[in-house]
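Below is one structure; the comments refer to it alone.
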Amino acid sequence: MMENMKNGSCGRPTSDQVKIRKRSRKNKSKYSFLSARLNPDFDPKNAVSQASNNTTMDRKFEELDPKTMEFDTLAEFLHPTFIYDYLHKILHFLKSNQRELCFPRIAPYKEAFLVKLVQDNKHLRSRVFNEASVVVARQIIDVVERNKNVYKWIHAYEDGLLTKNVLVYKKLNLSKEQSDQFKVPCRMSIQKV
Numbered sequence: 001m002m003e004n005m006k007n008g009s010c011g012r013p014t015s016d017q018v019k020i021r022k023r024s025r026k027n028k029s030k031y032s033f034l035s036a037r038l039n040p041d042f043d044p045k046n047a048v049s050q051a052s053n054n055t056t057m058d059r060k061f062e063e064l065d066p067k068t069m070e071f072d073t074l075a076e077f078l079h080p081t082f083i084y085d086y087l088h089k090i091l092h093f094l095k096s097n098q099r100e101l102c103f104p105r106i107a108p109y110k111e112a113f114l115v116k117l118v119q120d121n122k123h124l125r126s127r128v129f130n131e132a133s134v135v136v137a138r139q140i141i142d143v144v145e146r147n148k149n150v151y152k153w154i155h156a157y158e159d160g161l162l163t164k165n166v167l168v169y170k171k172l173n174l175s176k177e178q179s180d181q182f183k184v185p186c187r188m189s190i191q192k193v
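Residue 41 in this note's numbering sits at position 41 of the sequence shown, and the numbers go up by one each step.
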């Protein structure tokens with residue numbers, strides 16, 4: 001034991017070991033779990049060796065931006081329970097007299113999913129949804145089609161009391177006769193799931 005202390009090897013890593021650890025951590029952090037799920041042939045050992053050989057990363061191993069992902073790919077990463085719950089809350093909002101539905105403090109992938117639903121209703125016909133979500137999505141399509149002359153379903157980003165850039169679904173009133181229906185703005189916020 002005394003010999004180890006004299007040699008300086010009493011549990012402390014050498015400078016070479018520290019450099020190797022830092023290098024391996026740096027290479028591991030470049031590749032996310034998301035990249036591995038998107039590419040079934042993803043091999044982290046192979047990817048690390050590619051990154052050490054090249055100065056730029058291979059395009060297929062880059063972190064994906066949820067705002068640029070296709071809807072079906074994005075929906076595959078979300079838990080089916082999340083999809084069902086939020087579709088059900090959207091259906092309730094569209095059937096109610098409420099004007100706004102807020103989504104404070106949600107993850108970027110969930111936010112991108114919700115924005116893409118509003119931007120194009122064809123996403124409600126996605127084949128990625130499970131059976132329960134498909135039923136709710138069909139009901140949402142029916143409600144939107146029935147009320148297309150009454151209001152338009154849109155999204156916006158607003159500043160709340162505690163947060164900034166909160167995703168908000170809105171019903172934009174299209175007819176003036178129906179404005180009595182929306183006299184009092186009522187916010188229904190969804191807590192973090």
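C-beta atoms are modelled at their ideal positions from N, C-alpha and C, and glycine is treated no differently.
- Residue state for H155 is assigned as strand, using DSSP reduced to three classes.
- Around the beta-carbon of H79, fewer than 16 other beta-carbon atoms lie within 10 Å, marking it exposed.
- By the C-beta criterion, the segment 73-92 is judged to be in contact with the segment 130-141, since at least 3 inter-stretch pairs fall below 8 Å.
- V168 sits in a strand when the DSSP states are folded into three classes.
- In the displayed model, L64 falls within coil according to three-state DSSP, outside both helix and strand.
- Note that the C-beta distance between E76 and V128 is below 8 Å.
- Distance from F103 to L167 at the Cβ level is roughly 4 Å; contact confirmed, criterion being Cβ atoms closer than 8 Å.
- Judged by beta-carbon spacing, V143 lies beyond the 8 Å limit of S175, meaning their Cβ atoms are not closer than that value.
- Inside the segment 80-147, DSSP marks whole beta strand (DSSP E) runs of 3 or more residues at positions 100-103, from first to last along the chain.
- Note on geometry: alpha-carbon atoms of K171 and L64 lie some 31 Å from one another.
- Of the residues E131, N165, D159, D120, the one whose Cα lies closest to the Cα of W153 is D120.
- N149 is not bridged by DSSP to any residue.
- Taking every protein chain shown into account, the CB of Y157 has fewer than 16 other CB atoms within 10 angstroms, so this residue is exposed.
- Classified as exposed, K148 has fewer than 16 neighbouring CB atoms from the shown chains inside 10 Å of its CB.
- Within its own chain, the residues whose Cβ lies closer than 7 Å to the Cβ of Y109, once the five positions on either side in sequence are excluded, are P66, L74, F77, L78, listed in chain order.
- When only Cα atoms are considered, N173 and S96 end up about 14 Å apart.
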